[in-house]
Structure formats: structure tokens, C-alpha cells
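Chemist: Okay, so the sequence shown: first residue is 0 according to numbering that gives the first Met the number 0, each after it adds one. Below is one structure. I have some questions about it.
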Amino acid sequence: MTEASPQASFDLPERLAGLGQLALNLWWSWHPEARMLFKMLDRQVWKESVHNPIRTLRELPREVLEAAAGDAEYLRRYDAVLARFQEYVASKGEWFGQRVDDPGSRPIVYFSAEYGLHHSLPFYAGGLGFLAGDHLKECSDLGVPLVAVGFMYPEGYVRQKIREDGWQEGTDEPVDRDASPIVRVWGEDGKQLVVRVPLIEPPIHVSVWKVAVGRVTLYLMDTDIDLNDPWNRQISARLYIGDIEQRLRQEIVLGIGGYNLLGALGIRHSVIHLNEGHPAFALLEAVRERVREGLSYERAVQEVGRTSVFTTHTPVPAGHDVFPFPLMEKYFTAYWPDLGVDRETFFGLGLNPEAPAAGFNMTAFALRMSAHCNAVSQRHGEVARQMWRGLWSGLPQGKAAIDHVTNGVHLPTWLEPKMVLLLNKYLGDGWLDNHDDPSVWRFVDDIPDEELWQAQYWSKVKLINFIRECARRGWAGEGLGPSIVLAQGVMLDPSVLTIGFARRFATYKRANLIFRDPERLKRIVNNRWRPVQIIFAGKAHPADLPGKKVLQDVFRAAQDPQFGGRVAFVEDYGERLAQYLVHGVDVWLNTPQPPLEASGTSGMKAALNGVPQLSIPDGWWLEGFNGRNGWTAGRDAGGGDRDAADAEAVYRLLEEEIVPLYYKTADDDVPHDWVRVMKEAIKSVAPGFSARRMVKEYALKFYAPALREGS
Numbered sequence: 000m001t002e003a004s005p006q007a008s009f010d011l012p013e014r015l016a017g018l019g020q021l022a023l024n025l026w027w028s029w030h031p032e033a034r035m036l037f038k039m040l041d042r043q044v045w046k047e048s049v050h051n052p053i054r055t056l057r058e059l060p061r062e063v064l065e066a067a068a069g070d071a072e073y074l075r076r077y078d079a080v081l082a083r084f085q086e087y088v089a090s091k092g093e094w095f096g097q098r099v100d101d102p103g104s105r106p107i108v109y110f111s112a113e114y115g116l117h118h119s120l121p122f123y124a125g126g127l128g129f130l131a132g133d134h135l136k137e138c139s140d141l142g143v144p145l146v147a148v149g150f151m152y153p154e155g156y157v158r159q160k161i162r163e164d165g166w167q168e169g170t171d172e173p174v175d176r177d178a179s180p181i182v183r184v185w186g187e188d189g190k191q192l193v194v195r196v197p198l199i200e201p202p203i204h205v206s207v208w209k210v211a212v213g214r215v216t217l218y219l220m221d222t223d224i225d226l227n228d229p230w231n232r233q234i235s236a237r238l239y240i241g242d243i244e245q246r247l248r249q250e251i252v253l254g255i256g257g258y259n260l261l262g263a264l265g266i267r268h269s270v271i272h273l274n275e276g277h278p279a280f281a282l283l284e285a286v287r288e289r290v291r292e293g294l295s296y297e298r299a300v301q302e303v304g305r306t307s308v309f310t311t312h313t314p315v316p317a318g319h320d321v322f323p324f325p326l327m328e329k330y331f332t333a334y335w336p337d338l339g340v341d342r343e344t345f346f347g348l349g350l351n352p353e354a355p356a357a358g359f360n361m362t363a364f365a366l367r368m369s370a371h372c373n374a375v376s377q378r379h380g381e382v383a384r385q386m387w388r389g390l391w392s393g394l395p396q397g398k399a400a401i402d403h404v405t406n407g408v409h410l411p412t413w414l415e416p417k418m419v420l421l422l423n424k425y426l427g428d429g430w431l432d433n434h435d436d437p438s439v440w441r442f443v444d445d446i447p448d449e450e451l452w453q454a455q456y457w458s459k460v461k462l463i464n465f466i467r468e469c470a471r472r473g474w475a476g477e478g479l480g481p482s483i484v485l486a487q488g489v490m491l492d493p494s495v496l497t498i499g500f501a502r503r504f505a506t507y508k509r510a511n512l513i514f515r516d517p518e519r520l521k522r523i524v525n526n527r528w529r530p531v532q533i534i535f536a537g538k539a540h541p542a543d544l545p546g547k548k549v550l551q552d553v554f555r556a557a558q559d560p561q562f563g564g565r566v567a568f569v570e571d572y573g574e575r576l577a578q579y580l581v582h583g584v585d586v587w588l589n590t591p592q593p594p595l596e597a598s599g600t601s602g603m604k605a606a607l608n609g610v611p612q613l614s615i616p617d618g619w620w621l622e623g624f625n626g627r628n629g630w631t632a633g634r635d636a637g638g639g640d641r642d643a644a645d646a647e648a649v650y651r652l653l654e655e656e657i658v659p660l661y662y663k664t665a666d667d668d669v670p671h672d673w674v675r676v677m678k679e680a681i682k683s684v685a686p687g688f689s690a691r692r693m694v695k696e697y698a699l700k701f702y703a704p705a706l707r708e709g710s
């Protein structure tokens, strides 16, 4: 049995030793009172550390810590927070044990290629990672016995830099492992644990790290070690490698290596949950293990399938990994004999009946191998069943081979702390513990309009100040040209209706739809009496040239003086900027090409903070829109090329409904009708689109039957 210990100690007074404990568990990332303990030590150091407790504790002078250890008020807060934290991690959590299974049973193992937990751990590219991170946090809160597996990406995803001409470039910024809330896992020999990936030559080894996420442990694999040759060292260098062979090797390590990592740690799991197809080779290794124990291949596949959950996230064909058969043969010739199957049987596992010659399709493979499969919204479920209908042609009519669990967001992570104080004041005791109960949110109507309006305005000021500070640092520290600085939002005005758009810059998300009629948009944003400003953020995949072109078009609009400084593009979108945006804009804009938006979660995060959404009808919004909590554009656009109709619908809603409503204020300068929409957004979205509702649904719909099958 191995155990983890911190890779470095903190020089803390004995009275404050618990700060080190707290810093190494991401529990602080969704508890404002815990973050405040670090902020109170030195606000400037906290700010310069980018809200990272590890950096804060390392950079503070000893005398500052000694002073805090003698400060009665600080110690009162410290003792209260530490007691709450220690009670939380020591307990098992009640809900799962009471409703699903004995919490002492073998854990569920969750595999994902990315995790969005906090910006100090940049192991995410976008929504898939944030969804995984929120899933882990909510499992921790509910006491779901979960262990997670992923990659340590030393170079992260891509640090975005925008050139003068608006073209996205990526720069390298290696993760400082010793300044992040991660720890090495030590083996019995006193060295960092290293696991070999079986049946791959030349050998691939991974070193093991771990992240404490409340009660949940996330294990991360890193191939950047001396045991590996240079090419193998690069396998886990960054997310979503463009080279197809290196991508295959990455997924072999994630799935097969990750499964063997569990064995090396002595973790006997009960259920496997795959978040997308990237780690699906874990199911192969689970089958191989059972065959080696004496089961037939057919029986092993049956057993693994009954205890496996697979979540598919995209209806976009390019979003599903497909590996050429010759490449699969190169890496698996020595593998399929261990399963007791031949080449054709093995390749058949990943065959997509709609495109049989394309190669080994990881989604088709995961769907075949898992008895419990789901899409991530009701509409996505319909699309996914149609998309993969060829896999289950023999099922009885009406049988749903792919169910759905609509995504949700972790409320304690995404609620603005001042909004939490407001909800504490008017929703009563215990609202957060029961936040998936719609009845809890009726009391949002009791919040005085002026208080909610002021809280939202404060968040917008905070957002704009953050954007201006980023631009100032770019100007002063990096010598950015004036046109780049101006495009990044230095002329934004908190008194102006502010629209936010922050997504991955894939073409189907249509970030540039609102620019389809630039002259009309100029009239909207430059209206003297009722101006509008739009803030964009997001990254294109490094290999996605069309996505980069869309981003360039948006950035050039931000540089265009005819838009009057009312359009901004904020560089290097990540978790920290996402927090500011979903808290601080007035309207969240979402313009995907239906039916390609599987779910989306950014609009959920905005809505629970009182920011209504203006969206094309797709993804979660088809379930979330109730006619009073935001606006739907383009409901009658139909299929095919709908850009013109959707753009027209967006313009018309802005001109005729949204802008007039925002600027319609009473004598007290509060737009009461607008605040009514804000309240409806909170009441309708917070309970039904929470990660708490989502995880409970996974537990009852999938984990519970899978656990029964595995017992």
C-alpha cells in the first residue's frame, strides 16, 4: 500500500499548522471562508499569487505568519474554518450511503482526459474539463465513494497570445508542480511511485501524483520522467496532441496505464465511469484482467459492460477520436492475443457501422462495451441515439440504448461570494445543503430589487476592473501594442448593458454570428442613450485553423474604432476569467449551430448569478428556458444554413426587448422589470441545473444498478 505526502513543507508557526493541510486540499476552492483565511494574511500577496494558497504561504515573510498566529480575531476565524474542514474530510457524507450503497464499499473510478478544478491546475481545455471538475466536487459533497484518474499536463493546454493582426498563437508556460495543490505519491521504496504501461514497446512509464478534492482523490499520471525516451516523455506534455499517433499513445496511457495505476495503488473498484471516449481503453484492460483470472472473453466483456458507465459529450463528428486500423495494429498486435480474440474481432469493437472503413472509433467502442450510456441533455440524447443507431439495430422498437443526464454546475464553486451572502440573508438556514430542491429558491423573490441590482453592478465593476488591469499589465509588462490593449476592453463602462460570450472558438459555436450585419450591430452598440457592449473570450484549438479565423474576425472587430470601444476580446480565457465573466456581465450570449450544442454549462453558471441568457434553442437551454428567465432566438429558423435567420432574431430581440427592458428604470434608478428576469433566471436554473441534481441522477440511474450488477 502506498500513500502520498507533500513534496514540500511550509514554514508555519505551530498554531497555524492547519493552513498547510488546508492549502493542499481543493476544498478551499469552493469555500469562500477558507480562501479568506489566506487573503487576510496579506491581500497583495494573495492577489499576486493569483489566489493560490500554496504560493501565498511560500511567499509570505515569517513575521507575517507569526503576527497572524498572535491575532485573536484571525485565530477565531482560523479555528472555525479548520474545524469545519476537518469534520468534512473525516466524515463519509450521508446522501450516497443512505440512498444508494454502503459508503464502505469499493469505490467508483472516474476517468477523464481533463479536469477543470482551479486555475492553479491548468489541466483543462474547456467545458468537458469543468464538467469533470464539478462532478468530482459534488461527489465529494454527497459522499459518493469516487476515485478519479487523469493526466498531469506539464505544459497545460495552450496559453493564448493574440498577435496584432488578431491571430491566436500559443506560448509554453510549464506548470510549477511545487507551487500547485498537488503532491507526489510515494512507493514502498521511498521514491515517487512509477507504473509501467503493459504490452507497449519501447516501455512507457508514468509517475503518479495526486490532488485532494475534498473527500475525493484525483490521481494524475506524468510521462515526463527520465525512464522514458524523449518521444514517450512528450505523451502527457499537453492536452489533445495534434499528431494522430501520439494521440493514440496518449489514450493508451490514459486508459490502460490508468487502470494499472489503480492496481499499483491497491484500489479495488466497483464501477468504471468514462467521461468521453478518450480513456475507453480502460475497459479493454478490465476485460484482459478478467480473462487472465480465468473467465472467457465473452463472460469478461459481459461483466465489464454491466459495471461500466459511458458519457458521450458531442454530436460533432470531428469530436470523436478515430484511429487508422494500421496504427491500431502497430500498438495492439501483442495485446489482442491476451484477450483471446483475433484481429478482426478486436477491430470490430471499434467499428462504426456508418463509416466502417474510417478506423477504430473510440466512441463506438465505448458504447459497445458499456451497459450504461448517456448523453448530456435531453436533446443531445435524441441526437446521439440517431447518430449511433447502427450500433443497436437489433434492439426492440423504442429501446433507449443511450439515456441522458443533463449537465449541471457546482453551485458553491460558481456562485459569486457576495451573491452567497445575499442568499444566506433571504433564503434562510440550510438552503445550500438543499439547493437542488426548487422550493428553496422561492424566497429569491424576497430579495429587495435594489439589493440584487447593486450586487450585480458590483460584480460588473469588479469584472471591468479585472479586464483593465490585465490590459495594463500587458501594456506595461509585455509591451503590447496600442491596438491590442484597446481591443482588450480598456474602454468598457460599467453603466452600459454588457453582453458576455465565452466559449471554445469552434466554428459551430458561431462566435461571429452577431457580426453578420456589422452596420446594424454598430447602431446597437453605439446608441447614444442606450449603448451596449460585448465582451468575448475563448480559445481555438491549436490545430483548428477555421476556429482561429473566427477568433481573428472577432478580435479585429474589437480593434475597429467604428464599434467605439464597445467590443472587447479578453486574452487567455481560463477558470479565473470565467468566474469574473459569469458573475459580472448582464446577458450571456450563446449562438451554436443546432443540433451541435450537446449541453453547454457556461449559461447555467451565469444564470445562477442572476445573468439571463440569450441563446439559440439547443443543448440545455431547450430544457432551461421557461419564457421568463431569458430569451430564445431563432426558434423558427429551421435546419440548413440558418445564420441569417438566427442573426436577425438576435438583433431583433436586442433592439425590441432586451435593451429597452434593461434601460427602463424607475425613480430609484433600478430596472425592476429587468430584475424580475434576473430573479427568474436564478430560481429556474439553480436547482434544476446544479451538479447536485446531476450527480444524484448519475447515482440513482447508473451507479446504483452497476453496483448491484458488480456485487
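Beta carbons: idealized from backbone N, C-alpha and C, even for Gly.
Quick test of your reading: L338 and V286, contact by CB under 8 Å. State the CB separation rounded to the nearest angstrom.
Modeler: 6 Å
Chemist: Using the three-state DSSP reduction, which class does F514 fall into: helix, strand or coil?
Modeler: helix
Chemist: Does DSSP put E168 in a helix, a strand or coil?
Modeler: strand
Chemist: First and last residue of the alpha helix (DSSP H) that includes S458?
Modeler: D448 to G476
Chemist: What are the partner residues of S111, as DSSP defines its beta bridges?
Modeler: Beta-bridge pairing links S111 to N274.
Chemist: Please name the residue, chosen from L512, L261, P12 and A236, that lies closest to D645 on a Cα-to-Cα basis.
Modeler: L512
Chemist: Closer than 7 Å by C-beta to P395: which residues in its own chain qualify, once you throw out the five before and the five after it? Chain order, please.
Modeler: Unreliable positioning characterises P395 in this predicted model, as indicated by a pLDDT of 49, which lies under 50. The coordinate reading is nonetheless provided below. None.
Chemist: Any chance the stretch 127-143 sits against the stretch 81-101, with 3 or more Cβ pairs inside 8 Å?
Modeler: yes
Chemist: For the beta strand (DSSP E) holding G499, just list the boundary residues, first then last.
Modeler: Boundaries of the beta strand (DSSP E) harbouring G499: L496 to A501, taken from the DSSP string.
Chemist: In chain order, what are the residue ranges of uninterrupted alpha helix (DSSP H) at least 4 long that sit wholly in the stretch 509-595?
Modeler: Listed in chain order, the complete alpha helix (DSSP H) runs (minimum 4 residues) inside the stretch 509-595 are 517-524, 544-558 and 574-583.
Chemist: What does the Cβ neighbour count give for K136, buried or exposed, with the cut at 16 atoms within 10 Å?
Modeler: buried
Chemist: Taking all protein chains shown into account, decide if Q385 is buried (16 or more other Cβ within 10 angstroms of its Cβ) or exposed.
Modeler: exposed
Chemist: What are the boundary residues of the alpha helix (DSSP H) that includes K160?
Modeler: No alpha helix (DSSP H) contains K160, which is instead part of the beta strand (DSSP E) from R158 to I161.
Chemist: Just the C-alpha distance for L226 and H204, rounded to the nearest angstrom, thanks.
Modeler: Approximately 7 Å, taken between the alpha carbons.
Chemist: Do you know offhand how far D552's Cα is from H540's?
Modeler: Distance between the alpha carbons of D552 and H540 is about 16 Å.
Chemist: If we ignore side chains and look at the alpha-carbon of each, how far apart do P659 and E449 end up?
Modeler: Inter-residue distance for P659 and E449 is about 19 Å (C-alpha atoms, whole angstroms).
Chemist: Can you tell which of Q301, R555 and A510 has the C-alpha that lies nearest to the C-alpha of E163?
Modeler: R555
Chemist: Suppose the cutoff is 6 Å on Cβ atoms and the five residues either side in sequence are ignored; what does the same chain contact list for L431 look like?
Modeler: none
Chemist: Between L607 and L414, is the Cβ-Cβ spacing less than 8 Å?
Modeler: Cβ distance < 8 Å, so L607 and L414 count as in contact.
Chemist: Between the alpha carbons of H582 and L422, how many angstroms are there, rounded?
Modeler: C-alpha separation (whole angstroms): 15 Å.
Chemist: Taking DSSP as the reference, what is the three-state secondary structure of Y697?
Modeler: helix
Chemist: Assuming the contact rule is C-beta atoms closer than 8 Å, F568 and Q487 should be a hit. Round their C-beta distance to whole Å, please.
Modeler: Rounded to the nearest angstrom, the Cβ distance from F568 to Q487 is 7 Å, consistent with a contact under 8 Å.
Chemist: Report the residue ranges of all alpha helix (DSSP H) runs contained in full by the stretch 298-351; include only those spanning at least 4 residues, in chain order.
Modeler: 324-331, 335-338 and 342-347
Chemist: Taking C-alpha atoms, which residue in A89, Y73, A690 and Y334 lies nearest to T405?
Modeler: A690
Chemist: Would you tell me roughly how many angstroms separate the C-alpha atoms of F9 and G17, rounded to the nearest one?
Modeler: 11 Å
Chemist: Would you tell me roughly how many angstroms separate the C-alpha atoms of L192 and N231, rounded to the nearest one?
Modeler: 18 Å
Chemist: From this set, L238, Y239, Q167 and V252, which residue's C-alpha is nearest E200's C-alpha?
Modeler: Ranking the options by Cα distance to E200, first place goes to V252.
Chemist: Tell me whether D617 is buried or exposed, calling it buried when 16 or more other Cβ atoms sit within 10 Å of its Cβ.
Modeler: Counting every other CB atom within 10 Å of its CB across the protein chains shown gives D617 a total of 16 or more, marking it as buried.
Chemist: Is it buried or exposed for D445, if we count other Cβ within 10 angstroms and need 16 for buried?
Modeler: Under this definition D445 is an exposed residue.
Chemist: Note down the Cα distance separating Y87 from G626, rounded to an integer number of angstroms.
Modeler: 40 Å
Chemist: For P31, I'd like the list of residues in its chain whose CB is within less than 7 Å of its CB, leaving aside the five on either flank, ordered along the chain.
Modeler: P416 and V419
Chemist: Measure the Cβ-Cβ separation of Q455 and M220 and say whether it is below 8 Å.
Modeler: no
Chemist: Output needed for R467: all residues of its chain with C-beta closer than 6 Å, excluding positions within five of it in sequence on either side, in chain order.
Modeler: V489
Chemist: Alpha carbon to alpha carbon, how far is F37 from V524? Give it in angstroms, no decimals.
Modeler: 41 Å
Chemist: Determine whether the beta carbon atoms of S369 and S307 lie at a separation below 8 Å.
Modeler: The answer is yes: Cβ separation under 8 Å.
Chemist: Return yes when the Cβ of A281 is within less than 8 Å of the Cβ of L273, no when it is not.
Modeler: yes
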